[in-house]
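In the numbering used here, each residue carries its 1-based index in the sequence shown increased by 2.
We put the CB at the ideal spot given by N, CA and C, even for glycine.
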Amino acid sequence: MWNAPLIFLPVAMAATPSSSEAIRSMAGCFEVTFQYADREIMDPRYTENAVKNSSAIEWVVVDRERDGRIELQHVLVSGPAMIKHWRQIWTYEGTDVTQYLGEDQHKLQSLPGEAVAGQWTQVVTNVDDAPRYGCAGEWTEDSSGTQWRCTVDAPLPRREKDHRHEYDILERTNIHRIVSDGWDHDQTNTKIRIDDGKRVVMAREVGHNTYRRVDDEQCVEAIAWWPTEDEIWAEIRGAWSDVL
């Protein structure tokens, strides 16, 4: 298995006033690396994955913003083609999140106001803007910088959905960490199988995705392309909201 460095989480501190700036700083043109590896195998029914490494150029744009709500859209630059990627919807003290129930079922969950005081809710949608997952966490700051952390159940990732059948739910711990030249998205993912209504841990995976800022010239096609698609996808998101 991949011997990646352990991820040490900082001790939580009071939310910094720069939390909204931290979210906005995740926008721009980036060279992105995606790294995933199984760290622990807990159940013999699970077959260890080969280490996955890939890279891409990605444009992240602040697509919508109003008081206490920031929406980031990711667009992959793939040669002459542009590919709509995932979307982050951040809401300060937001109470509505998308809860994943397993078996491709989601529901809209309302969190108590006191549970999200001082926190930002992140809702992530899929490449087709279908619901994926959402949870609330606090942006904190210490000597390692500014970061946000949350743990939530999610569907199988696209990279495994079509060929892995040993588990049903990916319990994700997501850490967004702002660094000097971009940001990191670290993950500790627990792969869970539902057996007779019980959660059985099959394996744990670590992910380390890096977003390093590059010149906007490398994203010029995506910058021009997304505004031509935005209205259509806004209608699709409205349809998903009706379904939820």
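For this session: Please state whether DSSP places E143 in a helix, a strand or coil.
Result: In the structure shown, E143 sits in a strand (DSSP, three-state: E or B).
For this session: Look at the alpha carbon of S56 and the alpha carbon of R68, and state the distance between them as a whole number of angstroms.
Result: Near 34 Å, if we compare the C-alpha coordinates of R68 and S56.
For this session: Measure the Cβ-Cβ separation of V79 and E168 and say whether it is below 8 Å.
Result: no
Exercise. From what residue to what residue does the alpha helix (DSSP H) around S57 run?
Worked result: Not the alpha helix (DSSP H): S57 falls in the beta strand (DSSP E), residues K54 to R68.
Problem set entry | Bounding residues of the alpha helix (DSSP H) (the contiguous stretch that carries R26) | S21 to R26
For this session: Note down the Cα distance separating V118 from I180, rounded to an integer number of angstroms.
Result: 22 Å
Problem set entry | Contacting residues, own chain, Cβ-Cβ under 6 Å from Y213 (five flanking each side not counted) | F32, V34, G184 and W185
Exercise. Taking all protein chains shown into account, do 16 or more other C-beta atoms lie within 10 angstroms of the C-beta of S112, making it buried, or fewer, making it exposed?
Worked result: exposed
For this session: Could you tell me if L146 is buried or exposed, where buried requires 16 or more neighbouring beta carbons within 10 angstroms of its beta carbon?
Result: Per the sequence shown, the amino acid found at residue 146 is Ser instead of Leu. That one is exposed.
Exercise. Could you give the distance in angstroms between the alpha-carbon of R26 and the alpha-carbon of R47?
Worked result: 42 Å
For this session: Can you tell me which of A236, P159 and I59 puts its alpha carbon nearest to the alpha carbon of A29?
Result: I59
Exercise. So I2 packs on V125, CB below 8 Å; how close in whole Å?
Worked result: Absent from the model: residue 2. The displayed extent of the chain is 3 to 246, so no value can be given.
For this session: Report the rounded CA-to-CA distance for N128 versus V245, giving the unit in angstroms.
Result: 15 Å
Exercise. CA-CA distance, A205 and G104?
Worked result: 17 Å
Exercise. Where do the ends of the beta strand (DSSP E) carrying A83 lie?
Worked result: A83 to Y94
Problem set entry | Secondary structure of E162, DSSP reduced to three states | helix
Exercise. Would you report the Cα separation of P229 and G81, rounded to the nearest angstrom?
Worked result: Going by the C-alpha atoms only, they are around 19 Å apart.
Exercise. If you draw a straight line from the alpha carbon of G199 to that of R160, how long is it in whole angstroms?
Worked result: When the Cα atoms are used, G199 and R160 turn out to be separated by approximately 24 Å.
Exercise. If we ignore side chains and look at the alpha-carbon of each, how far apart do S22 and T190 end up?
Worked result: 24 Å
For this session: Could you please give the first and the last residue of the uninterrupted alpha helix (DSSP H) stretch that includes A205?
Result: Careful: A205 lies outside any alpha helix (DSSP H), inside the beta strand (DSSP E) at K200 to R215.
Problem set entry | Spatially closest choice to I72 from H87, E50, G96 and W61, by CA coordinates | G96
Exercise. Who are R195's beta bridge partners in DSSP?
Worked result: V202
Problem set entry | Whether A132 touches C152 by CB criterion (8 Å) | no
For this session: Can you tell me the Cβ-Cβ gap for T100 and G70, rounded? I've got them flagged as a contact below 8 Å.
Result: Not really, about 18 Å apart at Cβ, beyond 8 Å.
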